[in-house]
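The structure appears right after this line, and notes come after that.
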């Protein structure tokens, strides 16, 4: 089992994150994000646990904004049926990955699970947690492996970014968004 501790800084200076990725039989990601946007000052704390195949199994998120504390517990069963705080969310059924919008850390999950060769692409849909809305929606995405440690990410909204990773798939730079400080 390997554990990686990371510090990311927002490219525009509006936030930082401390995160740990535990890679082994089961992937585990834990992080703390400080956001200081003009319209939102907040703190996001999360914990993601995956099954042996790299599929998201459970997610716990605490979101603190202007002294308002909100929590979300997402769980997925063996049949890929999702619940939020115990309530079934049928529009997420069948999805394998979580995408927590406040962090680059969860891009690791589809990158590691898909195991794309250079030049290959794969489309998938993730359970996307949005901020500051603090809801969860399906979001179509596509990953293309451009090089050994370079991927292109595209979402159905038209958003595109290049993701520079290490050999494990951990994001080192999320183009225009996040830069790892402790390389």
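In the working numbering, the protein residues as written are 509 to 691.
Glycine included, each C-beta is placed from N, C-alpha and C at the ideal position.
Note that the structure is a prediction, hence the values are computed from the model and not measured.
**Q.** Local conformation of residue 599 per DSSP, three classes
**A.** Helix.
Q. Start and end of the beta strand (DSSP E) containing residue 646?
A. For residue 646, the enclosing beta strand (DSSP E) stretches over residues 643-655.
Q | Beta-carbon spacing of residue 529, residue 542 below 8 Å | A | Remark: C-beta atoms of residue 529 and residue 542 do not approach each other more closely than 8 Å.
Q: Could you say which of 515, 596, 629, 531 lies nearest to residue 561 if we only look at CA atoms?
A: Ranking the options by Cα distance to residue 561, first place goes to 531.
Q.
Just to confirm my understanding: we take residue 624, look at its own chain, exclude 5 residues before and 5 after, and list those with CB closer than 7 Å. What are they?
A. Contacts found: 630, 651, 653.
Q) Counting Cβ pairs, one atom from each stretch, are 3 or more of them under 8 Å apart for the region 513-522 and the region 595-610? A) The answer is no - the region 595-610 does not touch the region 513-522, with fewer than three Cβ pairs under 8 Å.
Q) Do you know offhand how far residue 615's Cα is from residue 582's? A) If you draw a straight line from the Cα of residue 615 to the Cα of residue 582, it is about 17 Å long.
Q) What are the boundary residues of the alpha helix (DSSP H) that residue 619 is part of? A) It spans 616-622 - the alpha helix (DSSP H) in which residue 619 sits, taken as one unbroken run.
**Q.** Sequence-distant residues of its chain with Cβ nearer than 6 Å to residue 526 (five each side left out)
**A.** Within the same chain, Cβ atoms closer than 6 Å to the Cβ of residue 526 are found at 515, 540, the five residues on either side in sequence being excluded.
Q. Taking Cβ to Cβ, would you say residue 668 is nearer than 8 Å to residue 659?
A. No, these two residues do not count as a Cβ contact at 8 Å.
Q) Between residue 510 and residue 533, what straight-line distance do the alpha-carbon atoms span, to the nearest angstrom? A) So the two alpha carbons sit approximately 10 Å from each other.
Q) Given that a residue counts as buried once 16 or more other Cβ atoms are within 10 Å of its Cβ, and exposed if not, what is residue 569? A) It counts as buried.
Q. Which value, in whole angstroms, describes the spacing of the CA atoms of residue 579 and residue 548?
A. Each residue's Cα considered, the two are about 17 Å apart.
Q) Any idea what DSSP makes of residue 665, helix, strand or coil? A) The answer is coil: DSSP assigns residue 665 none of H, G, I, E or B.
Q. Do residue 677 and residue 620 come within 8 Å of each other at the CB atom, strictly closer than that value?
A. Taking 8 Å as the cut-off, the beta carbon of residue 620 is found closer than this to the beta carbon of residue 677.
Q. With distances taken from CA atoms, which of 593, 639, 617, 512 is nearest residue 649?
A. When each option's Cα is compared against that of residue 649, the closest is 617.
Q) Taking the DSSP output, what are the residues bridged to residue 607? A) Bridge partners of residue 607: 636.
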